[in-house]
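Read through the structure below, which is laid out as structure tokens, and then see the notes.
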Amino acid sequence: MAFIPYNARDRFYKNIPGAVKTDQLFRLCLILPRSFSVTGAHFMLKKDGESVVDYPMYWAGMHGDDCEVWDISMAVTSPGLYFYHFDYDSSWGRGSVQQVSEGVGAIANGLGTQSDWQLTVYDKDFETPDWLKGGIIYQIFPDRFYNSGTPKKNVPSDRILRTDIENDPFWRPDAEGKVRNNDYFGGDLRGVIEKLPYLSDLGVTCIYLNPIFEAHSNHRYNTADYLKIDPLLGTEKDFKPLCAEAKKRGIRVVLDGVFSHTGDDSVYFNRAGRYKTLGAYNSKESPYYPWYSFTEFPDKYKSWWGFDTLPEVNEACSEYLDFITGENGVARKWLKLGASGWRLDVADELPDVFLDALNRAVKAEKPDAVLIGEVWEDATTKWAYGVRRRYLLGGQLDSVMNYPFARAVLNFARSGLAEGFQSAVLSIVEHYPKPALDVMMNHIGTHDTERAITKIMGESAQYHGREWQSQQKLTPEEYEKGITLMMFAAVLQYTLPGVPSVYYGDEAGLEGYKDPFNRGYYPWGKENKPLLAFYKKLGKLRQSLPCLQDGEIRFLSATLGCVAYTRASEKGEILVIANRNEQEISYNLPERWFNKTELLHGNPVTSFVRVPATGCVILKF
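Every position in the sequence shown, counted from 1, becomes a number in our numbering once 20 is added.
Structure representation (structure tokens):
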């Protein structure tokens, strides 16, 4: 008889799905054929970097006529990343049950296809901000969102102020072969304030601002002064009312923290001599000299990915650590002024000692502040610079930018491969602690990627340079198809565990390849109206469905270009059906979903529901 000895994604085998807390009792169940004459079973648990520990399992009765049940109930006392499989003793020796696919185990055959299961154990005191759960993040590249018309004061003379805002940002190298990133479109903090009603209409509950501190580039990832707003964006007198007015509308503000490097043209390094301060480049006697690592003073120093305009800092340097995380440091200053958290640029380049200190500082200043890390991979298994990272085990990050979900959504929208989508989603759900999963930053595009509509419909930019990218636009037919697929992707994004994050302009239909083509000015008055209306509808729906705050996801099916999954909690339940096929389908519903309310289109629901071609339906229980 065919049987499944273990399935980590099935509550029959593992009563607590996914990650577990320290000291939390959980039960594992193993099924083995009676014909094996098993005399003992073993839960083989290994903490990352340590030896395997053998925990005996106990006979728990029969499963049908042909199989026996062995189980174990236990708790783990120390947070960390663990791996496990099962061994058993039989009349012919010791055998093993290992993972063969998607959480499912099989009797090991030694052919090399097996692997251990992952068990993430997080600190029982780990909590994440309730205000972010069930919300919507809106990412703003400040220079490109909205110009309030407020006069710009104290602007350095080497900046180019653009009036042709409908055109691409400058990307061609100058006579010296350098792209200066010194053209500006005039967006400012007052502009964000003026557009708060627009953001409210989208259902936004959190604004994530790309860097706003003084820096001599339009992207501002080369910080010149952490304590000062860039003059083109405004001043503290603009930042404080932005946070205050946003909060009145139920919107928090999160800032971009670029703490792994500074600009060479900064108060701290001062390579160009712009500042009166004694920078590290100017003298070894500079108070900032210990921040940096020189190999040959002053012109050879460690820099971010070899860019000499971005000198790396030593984040463990006590002076730098105190400057950022101290009682009067950068992190706490901007929280005092109204910010509700930080998104951390290149979090994998920030060492544990820095993240630990930053977490303590941020939570001491504002206990419900959020810390979100830029991590492109599974954050629970991430290795960086020879160290397994512990971002989400408690005491460091609350959330990460959920690139695995983004890839899953976009790949499904492009290919229609439902099985791959399900697999990618369930892998993250299985690995991530529940408090973190509920506040994952679920984007489908950012300032570092192609625009979502371009990613879905455009030709791959691989092996193509900026000249080619600058010339590419979707045809009218591709664009219209892209709008449909954006709606499709948005439904998934808004209903998966975590918090959807909209990159400014995606909801308006902006297209473009990577930096700088993904950083055009928001097309005020020229938005794609059907797409924008759809995003507003999703925003209202999300506000009306409290089960999306923390509801568990369960897949009902994932095949033939269609997925169906539920999100359920004590606050309610929804069923999402996403049909990537080019024709309408009729989806036969489980009986408990007969005659329920369809929320997106108002389609009649009986024992089945009609799902539009390349479209979705959402049913409410």
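Just so you know, even glycine gets a beta-carbon here, dropped at the ideal spot from N, CA and C. All values reported here derive from a predicted model rather than from experimental measurement.
Under the three-state reduction of DSSP, residue 455 is assigned to helix. Counting other Cβ atoms within 10 Å of its Cβ, residue 471 reaches 16 or more and is therefore classed as buried. DSSP places residue 47 in the uninterrupted beta strand (DSSP E) bounded by 46–53. Straight across, the Cα-Cα distance linking residue 186 with residue 540 is about 8 Å.
Our two residues, residue 240 and residue 332, have alpha carbons roughly 15 Å apart in a direct line. Look at residue 331 here: in three-state DSSP terms it is strand. In the DSSP assignment, residue 463 is bridged to 521. Distance from the CA atom of residue 491 to the CA atom of residue 341, rounded to whole angstroms, is 45 Å. Distance from the CA atom of residue 141 to the CA atom of residue 47, rounded to whole angstroms, is 14 Å.
C-alpha of residue 475 to C-alpha of residue 298: approximately 45 Å in a straight line. The stretch 172–181 makes no contact with the stretch 553–561, as fewer than three CB pairs between them are under 8 Å.
The beta strand (DSSP E) runs of length 3 or more contained entirely in the stretch 244–319 are, from start to end of the chain, 272–277, 314–316. Residues 41, 42, 99, 413, 414, 415 of the same chain have their beta carbon placed closer than 8 Å to that of residue 143, with the five preceding and five following residues left out of the count. A check of alpha carbon separations from residue 457 across 385, 113, 517, 427 identifies 517 as the nearest. Secondary structure note for residue 56: it is in no beta strand (DSSP E), with a DSSP letter that is neither H nor E. Along the length of the stretch 352–439, whole alpha helix (DSSP H) runs at least 4 residues long occupy 372–385, 423–435, reported in chain order. Burial state of residue 421 is buried, judged by a 10 Å Cβ sphere holding 16 or more other Cβ atoms.
Of the other Cβ atoms in all chains shown, 16 or more fall within 10 Å of the Cβ of residue 358; this residue is therefore buried. By the CB criterion at 9 Å, residue 459 and residue 149 fall inside the cutoff. One Cα belongs to residue 302, the other to residue 203, and the distance between them is close to 28 Å. Per DSSP, the beta-bridge partners of residue 585 are 575, 596.
Contact fails between the stretch 439–447 and the stretch 162–177, because fewer than three Cβ pairs, one in each stretch, are under 8 Å apart. The closest CA to that of residue 590, considering only 580, 146, 641, is found on 641.
Unbroken alpha helix (DSSP H) stretches of 4 residues or longer found wholly inside the stretch 81–127: none.
Ranked by how close their Cα comes to the Cα of residue 355, the residues 280, 196, 276 have 276 in first place. At a cut-off of 4 residues, the continuous stretches assigned as alpha helix (DSSP H) that sit fully inside the stretch 186–236 are 209–214, 216–221. Nearest to residue 538 by C-alpha distance, out of 619, 594, 163, is 163. Between residue 108 and residue 139, the C-beta spacing is not below 9 Å.
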